[in-house]
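Report on one structure; see the data block that follows.
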């Protein structure tokens with residue numbers, strides 16, 4: 153059969169057999185010159201093949217040991233060949249041979265490509281196993297066939313069908329629908345084995361592929377400089393929906409702002425699931441928010457990147473029964489109105505901005521740091537699923553969530569150091585070109601399109617600035633109708649809130665003593681209510697994250713604690729708690745709890761047998777008496793946060809008697825008021 157080859161040296165036709173090795177494209181065969189003989193001074197190790205004139209280039213050496221038939225090449229197929237010039241003329245081929253490699257050589261040199269070794273997210277593996285077709289019912293007006301027939305009016309639609317998206321007001325294609333649109337429709341094509349995505353790059357290629365001049369910034373040519381950029385709305389998004397597992401997660405996050413008035417920032421901990429509202433859609437489900445060290449201000453905040461506990465938090469999240477990861481971040485932008493402090497100023501709207509230029513650059517930087525593994529990309533990764541969420545005011549002054557991502561063009565421009573923030577939050581400034589050796593920066597021509605006052609589409613130069621909306625991708629958000637969060641509690645003090653909430657080991661021990669944890673067994677038939685209360689208290693992300701810093705629990709025991717606390721039905725099936733109760737770390741906590749527990753009240757009245765009368769009184773009675781006494785003392789305190797006449801303030805959370813003048817409990821660290 154004939155295979156057509158097109159390179160910068162011209163067009164050629166090669167006679168090959170379907171069973172030939174890929175090396176047949178390089179060497180002489182039957183007195184017929186192949187690639188190496190039709191090129192001028194090539195570097196054999198740099199020869200690439202592709203099904204497109206530009207993009208999806210793959211080195212031919214990566215197909216070592218594969219036949220032309222396995223690549224799907226048919227009679228008359230056209231292959232585009234590229235290569236770098238060699239130092240000296242050579243006709244030797246790269247290390248591709250038709251002989252079977254030995255066991256040692258096969259171990260030393262893997263034959264798989266980069267994208268074939270990628271481990272994708274479970275949601276990606278799920279959608280790759282589905283065809284994504286949109287089912288349609290029988291049309292009563294146009295379908296004239298029987299019940300088992302099918303026609304153009306009722307056949308399933310492709311997941312990227314534009315009419316379906318317009319009808320259901322879906323603005324962007326999902327990631328896998330976009331892949332379906334790019335992928336070939338027949339499995340016999342050679343392109344089905346090649347990745348269909350190539351990450352954008354606006355950097356100068358160093359060294360230059362032509363090799364005809366000194367590397368940038370000493371020289372530049374059309375072969376190594378990036379092409380001109382035309383900004384446009386991204387047709388797809390890697391995440392279609394942001395779902396908050398429980399409203400308590402947002403309420404606890406907002407509590408710090410309501411207390412101090414300072415803006416807050418938090419990392420969204422969650423996982424990805426299929427989203428049925430969009431064809432082949434993906435949603436990010438947020439199960440918790442971790443607040444890294446920060447300094448809040450009235451109109452902004454200062455954040456350290458990377459933060460000290462990042463690796464520990466990532467590892468802790470992976471230990472959950474459903475492995476979790478950082479799926480995004482959230483921050484507040486709230487300013488109370490001067491007239492009514494219960495309402496906030498409506499700042500983000502179509503006439504101002506949705507994300508400021510500084511926030512877009514930060515989002516692009518974070519997305520570049522969190523790439524998504526993909527078998528459809530030549531580099532093994534493409535884009536990012538990191539979501540930016542903003543808690544801001546609505547038009548009526550209430551607080552709502554807005555979710556966004558930034559486009560691949562924004563990430564590439566930030567990676568190339570081409571843009572910067574401006575004084576106007578709705579404007580992005582394009583940087584000037586710099587040819588200094590230490591800070592070299594090449595900025596190609598940047599354009600964007602818009603409709604003028606006459607309704608005509610106009611192409612305009614984006615230098616020196618352009619609107620920030622061209623870099624933003626909208627993401628929907630919401631709460632589930634039937635919440636079923638992994639973490640059942642959010643009552644424990646939140647980290648890195650000095651002066652607002654404080655985390656103490658004493659508070660953990662006091663809570664365990666209040667629940668009589670040392671006497672609770674894993675048998676659900678004995679004190680099931682106490683066991684459920686303990687399970688709910690343990691299923692708290694902030695508690696688990698704090699216990700990992702106390703050094704009271706080993707790493708293996710922390711894995712068990714995290715797995716048990718995040719069990720899907722921990723409140724219905726209490727048997728996983730038995731694994732936790734057997735760990736050495738839990739026994740250590742129980743030992744501290746017993747030693748720190750208050751003494752049981754005694755009575756001076758003795759029975760006829762000489763024993764104390766309260767020996768047969770259950771411990772629940774003493775707990776009830778203590779609670780009633782604490783409530784009574786609090787009610788006589790004149791409404792001063794549970795303070796009695798002697799100046800003692802009773803904590804409403806753990807009933808501890810505080811004698812200091814602070815606003816937080818000495819034991820549990822929660823507010824006394």
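In the numbering used here, the protein residues as written are 153 to 825.
Just so it is clear, CB atoms sit at the ideal spot from N, CA and C, and this is done for glycine as well.
Quick caveat, the model's predicted, so the values are computed rather than measured.
Query                                                                                                               : Result
Bridge-paired residues (DSSP) for residue 552                                                                       : 544
Alpha-carbon spacing of residue 195 relative to residue 278, whole angstroms                                        : 41 Å
Per-residue DSSP class, three states only, for residue 737                                                          : helix
Residue 311 versus residue 276 - alpha carbon distance                                                              : 15 Å
Residue interval of the alpha helix (DSSP H) (run including residue 563)                                            : 560-567
N-terminal and C-terminal residue of the beta strand (DSSP E) that residue 411 is part of                           : First-last for residue 411: 399-412, but that is the alpha helix (DSSP H), not the beta strand (DSSP E).
Meets three-Cβ-pair contact criterion under 8 Å: the region 520-530 and the region 578-592                          : no
Rounded straight-line distance, which links the Cα of residue 666 to that of residue 573                            : 53 Å
Delimiting residues of the beta strand (DSSP E) encompassing residue 154                                            : 154-159
Where residue 312 falls: helix, strand or coil (DSSP)                                                               : coil
Presumed contact (8 Å Cβ cut-off) between residue 348 and residue 198, rounded CB distance                          : The Cβ separation is near 22 Å, so there is no contact.
Residues near residue 408 by beta carbon distance below 7 Å, same chain, minus five either side                     : 416, 649, 652
Through-space distance from residue 425 to residue 232, alpha-carbon basis                                          : 39 Å
Residue 276 in three-state terms, based on DSSP                                                                     : helix
Proximity of residue 459 and residue 444 at Cβ, strictly below 7 Å                                                  : yes
Status (buried if at least 16 other CB within 10 Å, exposed otherwise) for residue 712                              : buried
Residue environment, residue 575, which counts as buried when at least 16 other CB atoms sit within 10 Å            : exposed
Environment of residue 556 [buried if 16+ CB atoms lie within 10 Å]                                                 : buried
Residue range of the alpha helix (DSSP H) that includes residue 664                                                 : 657-666
Exposure label - residue 259; buried when at least 16 CB within 10 Å                                                : Caution is warranted here: a pLDDT of 46 is assigned to residue 259, below 50, making its placement in the model unreliable, and the coordinate value is therefore given only provisionally. Residue 259 should be labelled exposed.
Within 7 Å, strictly: CB atoms of residue 435 and residue 393                                                       : yes
Under 7 Å between C-beta atoms of residue 432 and residue 326                                                       : yes
C-alpha gap between residue 475 and residue 466, whole angstroms                                                    : 10 Å
Boundaries of the beta strand (DSSP E) in which residue 446 is found, first to last residue                         : 446-448
Residue 616 classed as buried or exposed, judged by whether at least 16 other C-beta atoms fall within 10 angstroms : exposed
Cβ shell of residue 628 (< 6 Å), same chain only, five flanking positions each side left out                        : 393
Cross-strand partners of residue 557 (DSSP beta bridge)                                                             : 625
Coarse secondary structure for residue 324, derived from DSSP in three states                                       : coil
Sheet register partners of residue 609 (DSSP bridge)                                                                : 603
Residue(s) in a DSSP beta bridge with residue 436                                                                   : 394, 424
Touch test, the region 535-554 against the region 481-495, Cβ-Cβ under 8 Å, three pairs minimum                     : yes
Cα-Cα separation, residue 375 to residue 504                                                                        : 41 Å
Counted within 10 angstroms of its Cβ, other Cβ atoms place residue 563 as buried (16 or more) or exposed           : buried
Of the residues 724, 735, 292, 411, the one placed nearest residue 488, counting alpha carbons only                 : 411
Buried/exposed call for residue 747, threshold 16 Cβ in 10 Å                                                        : exposed
Alpha carbon of residue 755 to alpha carbon of residue 668, nearest angstrom                                        : Reliability of the predicted coordinates at residue 755 is poor, the pLDDT of 44 falling under 50, and the value obtained from them is presented with this limitation in mind. Cα-Cα distance, rounded: 21 Å.
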